[in-house]
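The listed protein sequences derive, respectively, from chains X and P.
In my numbering, each residue carries its 1-based index in the first sequence increased by 36.
In my numbering, each residue carries its 1-based index in the second sequence increased by 36.
First up is the structure itself, then whatever we jot down about it.
There are 2 protein chains.
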Amino acid sequence: MVVFAGQGDARRSMALLWQQEPENSLRPGPKQGLDVETIVRAAVEIADTDGIGALSMRAVGEKLGRTAMALYTYVPSKSELVDLMYDRTLAEQPTEYDLGPGWRAALTLRANDTWDFYLRHPWVLQVSQARPALGPNEWATLETTLRIMVATGLPPRSVRQLTGALYQFIRGVAQTLAEATYAVRATGMSDEEWLSARSGMLAEVAPDFAERYPTMAALSAADSSGPADATVPYLQKSTTETFRAGLAVFLDGIEQAIAQPS
Amino acid sequence: MVVFAGQGDARRSMALLWQQEPENSLRPGPKQGLDVETIVRAAVEIADTDGIGALSMRAVGEKLGRTAMALYTYVPSKSELVDLMYDRTLAEQPTEYDLGPGWRAALTLRANDTWDFYLRHPWVLQVSQARPALGPNEWATLETTLRIMVATGLPPRSVRQLTGALYQFIRGVAQTLAEATYAVRATGMSDEEWLSARSGMLAEVAPDFAERYPTMAALSAADSSGPADATVPYLQKSTTETFRAGLAVFLDGIEQAIAQPS
DNA sequence: CCACAGTACTTTATGCTGTAAGGAGTTGCA
DNA sequence: TGCAACTCCTTACAGCATAAAGTACTGTGG
Numbered sequence: 037m038v039v040f041a042g043q044g045d046a047r048r049s050m051a052l053l054w055q056q057e058p059e060n061s062l063r064p065g066p067k068q069g070l071d072v073e074t075i076v077r078a079a080v081e082i083a084d085t086d087g088i089g090a091l092s093m094r095a096v097g098e099k100l101g102r103t104a105m106a107l108y109t110y111v112p113s114k115s116e117l118v119d120l121m122y123d124r125t126l127a128e129q130p131t132e133y134d135l136g137p138g139w140r141a142a143l144t145l146r147a148n149d150t151w152d153f154y155l156r157h158p159w160v161l162q163v164s165q166a167r168p169a170l171g172p173n174e175w176a177t178l179e180t181t182l183r184i185m186v187a188t189g190l191p192p193r194s195v196r197q198l199t200g201a202l203y204q205f206i207r208g209v210a211q212t213l214a215e216a217t218y219a220v221r222a223t224g225m226s227d228e229e230w231l232s233a234r235s236g237m238l239a240e241v242a243p244d245f246a247e248r249y250p251t252m253a254a255l256s257a258a259d260s261s262g263p264a265d266a267t268v269p270y271l272q273k274s275t276t277e278t279f280r281a282g283l284a285v286f287l288d289g290i291e292q293a294i295a296q297p298s
Numbered sequence: 037m038v039v040f041a042g043q044g045d046a047r048r049s050m051a052l053l054w055q056q057e058p059e060n061s062l063r064p065g066p067k068q069g070l071d072v073e074t075i076v077r078a079a080v081e082i083a084d085t086d087g088i089g090a091l092s093m094r095a096v097g098e099k100l101g102r103t104a105m106a107l108y109t110y111v112p113s114k115s116e117l118v119d120l121m122y123d124r125t126l127a128e129q130p131t132e133y134d135l136g137p138g139w140r141a142a143l144t145l146r147a148n149d150t151w152d153f154y155l156r157h158p159w160v161l162q163v164s165q166a167r168p169a170l171g172p173n174e175w176a177t178l179e180t181t182l183r184i185m186v187a188t189g190l191p192p193r194s195v196r197q198l199t200g201a202l203y204q205f206i207r208g209v210a211q212t213l214a215e216a217t218y219a220v221r222a223t224g225m226s227d228e229e230w231l232s233a234r235s236g237m238l239a240e241v242a243p244d245f246a247e248r249y250p251t252m253a254a255l256s257a258a259d260s261s262g263p264a265d266a267t268v269p270y271l272q273k274s275t276t277e278t279f280r281a282g283l284a285v286f287l288d289g290i291e292q293a294i295a296q297p298s
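This is the structure in structure tokens:
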């Protein structure tokens, strides 16, 4: 068997994720004052309210009346803690969707649930997807969406691709909204305040805006759903709207793929 | 890591972005040994190869034979530097697309160019979209895509929503691929090595995998486009494929919207 | 009962980060 | 020549993850 560098660490974090740490009741030394779940809960609370930027080992320790170093008794490192936060939080998402009313209804519900989940835990969108931690709830999340997508009757390859595409679309849109939420908290400035401040400066620095960007100017004028002064807001229009419209178009596209298999 | 745009001296950073800094040839004191563009170019080089995590004022200064503090003569802060990097880099993207062959051909080209752009500059995906810097090339990028989307004949509101949705979809998918690129460089471990190491551990820790996640197991077995041992790879299948498939479905959905206006 | 080993937790230290403050040296103009 | 403005440097500070070492506690074997 080939042994890869760092596999020992990886094995421990896998055990933590899948909650298969060995029993340790009869050991010498002081009793444990904390446990992994308590630490994870405290960390999630910090991340929920102040973003992953505010998540430090010191902050978590302080919240639990310990120093930062005390946490290392329970968790190998910060990145493992984040993996645990991620997987434990994913457990909140529903796993059962009624396929009776058809795949489209179920997939719409699922997408909306995912959307709401990201708004509840915006920091989740800042966790890298490149090397997933492979915890039980990450798999469960994927399994749930796949089960719905299979009901489209599309071939396995398409099911995989479109599940990924839908997932990334939702992530992308939610990320912008999540970052905006944190920006408001971090700067103490609402989007509206920020926009009106920038609008004025933009006019100063780019007086030829309408000639430079004619399509945008024309669209802003024609799009009555926004304020009259509509150059800057063009980037900022309701993200929820973007989500709903994009999702509808994507689902229409899937219907198309079902009707006319390539 | 997500980098937020700066909120310091907004007026000064706007002037920098729009290159409207006042002329300064006849001033006392030593000649300037650097300039903003040189600094931005050095910073982009660092971010391109090692990610935005490796971008520090010290690193940029060193690359130019200066200390970190020397940069503050030219740039108000790191976050303003990132704004400048972002806008200057966006200038690489094409702005002209032939609408002769129709909107779908143009939008496909545009999406592919954007995709390639993100692969060339993965760090761009780590720059927060919440409070955009509002530089000239950010607007130009939006203008270009809008011009194509307008050719669909859809109403202004839909043009705005679907442009945003398409943009976020591409960003989402590219982000995963970009993070994977950095992960390989940071860990010195290819995705394949990483996968086979984790596959074994997963089997140890979750021997009941197939019963727990039956849909995934069935799909893995049926999806002949991947390796036989196909549980873990399910998350990791070619991201480029996800991009192409998702894009096609999205464009199909737009065609549907054109044919049957709601 | 005592020595020891293993544990929980703390303190201290290292090398990073952005950037504030102050100082040294250079230059153009009055 | 003196001064003011300027570039760039050194130093300093707070905050970060975490390595290393120290302290206090507790169960077990002798």
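We put the beta carbon where it would ideally sit given N, CA and C, even for glycine.
Owing to the predicted nature of the structure, the values given are computational and were not obtained by experimental measurement.
### Query
Does DSSP classify P:V311 as helix, strand or coil?
Beyond the ends of chain P as shown, which are 37 and 298, falls residue 311 of chain P; an answer cannot be given.
### Query
So is P:G282 in contact with chain X if we call contact Cβ pairs under 8 angstroms?
Yes, because at least one Cβ of chain X sits closer than 8 angstroms to the Cβ of P:G282.
### Message
Would P:A187 and P:W139 be called neighbours here (beta carbons separated by less than 8 angstroms)?
### Response
Contact annotation: P:A187 and P:W139 have beta-carbon atoms nearer than 8 angstroms.
### Task
Grab me the residues of X:V163's own chain with a C-beta within less than 7 angstroms of its C-beta, minus the 5 sequence neighbours each way, in chain order.
Non-local beta-carbon contacts of X:V163 in its own chain, meaning distances under 7 angstroms to residues more than five positions away in sequence, involve V118 and Y122 in chain order.
### Message
At the 8 angstroms Cβ level, is X:S194 part of the contact set with chain P, yes or no?
### Response
So yes, X:S194 belongs to the interface.
### Task
Give the single residue among X:T217, X:Q56, X:A147 and X:R156 whose Cα lies nearest to the Cα of X:G200.
Of X:T217, X:Q56, X:A147 and X:R156, the residue nearest in Cα terms is X:A147.
### Task
Spell out whether any CB of chain X is found under 8 angstroms from the CB atom of P:Q56.
Judged by the 8 angstroms Cβ criterion, P:Q56 is in contact with chain X.
### Query
Are X:R196 and P:L255 closer than 8 angstroms when you measure CB to CB?
Going by C-beta atoms, X:R196 is nearer than 8 angstroms to P:L255.
### Message
Contact criterion: CB-CB distance below 8 angstroms. Does P:V129 meet it with respect to chain X?
### Response
Contrary to the premise, residue 129 of chain P reads as Gln rather than Val in this sequence. False, the Cβ-Cβ gap to chain X never drops below 8 angstroms.
### Query
At which residues does the alpha helix (DSSP H) containing X:M252 begin and terminate?
Taken as a continuous stretch (DSSP letters only), the alpha helix (DSSP H) holding X:M252 covers P250 to A258.
### Query
Less than 8 angstroms separating the beta-carbons of P:L190 and P:A295?
Not closer than 8 angstroms, so no.
### Task
Can you grab the Cα-Cα spacing for the pair P:P66 / P:R102, in whole Å?
Their Cα atoms are separated by approximately 15 angstroms.
### Query
Can P:L100 and P:T74 be called in contact, C-beta distance under 8 angstroms?
Contact flag set, yes.
### Message
In the DSSP assignment, the alpha helix (DSSP H) including X:R234 goes from what residue to what residue?
### Response
For X:R234, the enclosing alpha helix (DSSP H) starts and ends at D227 to V241.
### Task
Spell out a yes or no on whether the region 217–236 of chain P and the region 227–235 of chain X are touching, meaning 3 or more CB-CB pairs, one atom from each, closer than 8 angstroms.
They do not touch, by the three-pair rule.
### Message
Taking only three categories from DSSP, how would you classify P:T144?
### Response
In this structure, P:T144 counts as helix in the three-state DSSP scheme.
### Query
Is any heavy atom of the ligand NAD found at a distance shorter than 7 angstroms from the C-beta of P:M185?
No copy of the ligand NAD appears in this structure; indeed no ligand is present at all.
#### Entry: Interface flag, X:I290 vs chain P, CB-CB below 8 angstroms
With 8 angstroms as the cut-off, X:I290 counts as an interface residue toward chain P.
### Task
Mind reading off the beta-carbon distance from X:A210 to X:W151? Whole number of angstroms is fine, and I expect it under 8 angstroms.
About 6 angstroms; that satisfies the 8 angstroms criterion.
### Task
Please report how far the alpha carbon of P:A125 lies from the alpha carbon of P:A242, in whole angstroms.
The sequence given here has Thr at residue 125 of chain P, not Ala. The alpha-carbon of P:T125 is positioned some 45 angstroms away from that of P:A242.
### Outcome for P:G289 when other beta-carbon atoms lying within 10 angstroms are tallied against a minimum of 16
Buried is the call here.
#### Entry: Contact list for X:D299 against chain P, beta-carbon separation under 7 angstroms
With chain X running from 37 to 298 in the structure shown, residue 299 of chain X is simply not present.
### Task
Would you kindly work out how many angstroms separate the C-alpha atoms of P:L145 and P:F279, rounded to a whole number?
Spanning the two alpha carbons is a distance of roughly 13 angstroms.
### Task
Kindly say whether X:F313, judged by its beta-carbon, lies nearer than 8 angstroms to any beta-carbon of chain P.
Examination of residue 313 of chain X is not possible in this model, given that chain X is present from 37 through 298 alone.
### Task
Please go through the same chain and pick out, in chain order, the residues whose beta-carbon is closer than 8 angstroms to the beta-carbon of P:A266, but skip the five residues on each side of it.
Low confidence applies to P:A266: its pLDDT is 44, below 50, so where it sits in the model is not reliable, and the reading given next is rough at best. Listed in chain order, the non-local C-beta contacts of P:A266 below 8 angstroms within the same chain comprise S256, A257 and D259, local neighbours out to five positions each way being set aside.
### Query
Checking contacts by CB at 8 angstroms: is X:S164 closer than that to chain P?
So, interface residue.
#### Entry: Spatial neighbours of X:P297 in its chain, beta-carbon cut-off 6 angstroms, leaving aside the 5 residues before and after
Closer than 6 angstroms at Cβ, skipping near neighbours: no residue.
### Message
Once DSSP output is grouped into helix, strand and coil, what is the label at P:Q129?
### Response
Reduced to three states, the DSSP call for P:Q129 is coil.
### Query
When DSSP labels each residue in this structure, what does P:P112 get in the three-state scheme?
Reduced to three states, the DSSP call for P:P112 is coil.
### Contact set for X:F40: own chain, Cβ-Cβ below 6 angstroms, skip 5 residues either direction
For X:F40, the pLDDT reaches just 37, beneath the cut-off of 50, and the residue's location in the model is therefore unreliable, leaving the point undetermined.
### Message
Give me the residue from X:G97, X:R193 and X:M252 with the minimum Cα distance to P:R183.
### Response
When each option's Cα is compared against that of P:R183, the closest is X:M252.
### Task
Would you kindly check if the distance between the Cβ of X:W54 and the Cβ of X:P168 is under 8 angstroms?
In this structure, X:W54 does not lie closer than 8 angstroms to X:P168 by Cβ.
#### Entry: Near-chain P residues of the region 197–217 of chain X - C-beta to any C-beta below 7 angstroms
Considering only beta carbons, the part of the region 197–217 of chain X lying closer than 7 angstroms to chain P consists of Q197, L198, G200, A201, Q204, F205, R207, G208, V209, T212, E215 and A216, in chain order.
### Query
Which residue comes first and which comes last in the alpha helix (DSSP H) that contains X:E179?
Note, X:E179: alpha helix (DSSP H), P172 to V186.
### Query
When we look at the beta-carbon of P:G42 and count the other beta-carbons within 10 Å, is it buried (16 or more) or exposed?
Residue confidence is low: P:G42 scores 44 on pLDDT, short of 50, so the model does not pin down where it sits. Its coordinate-derived value is still stated next. Per the 10 Å Cβ criterion, buried.
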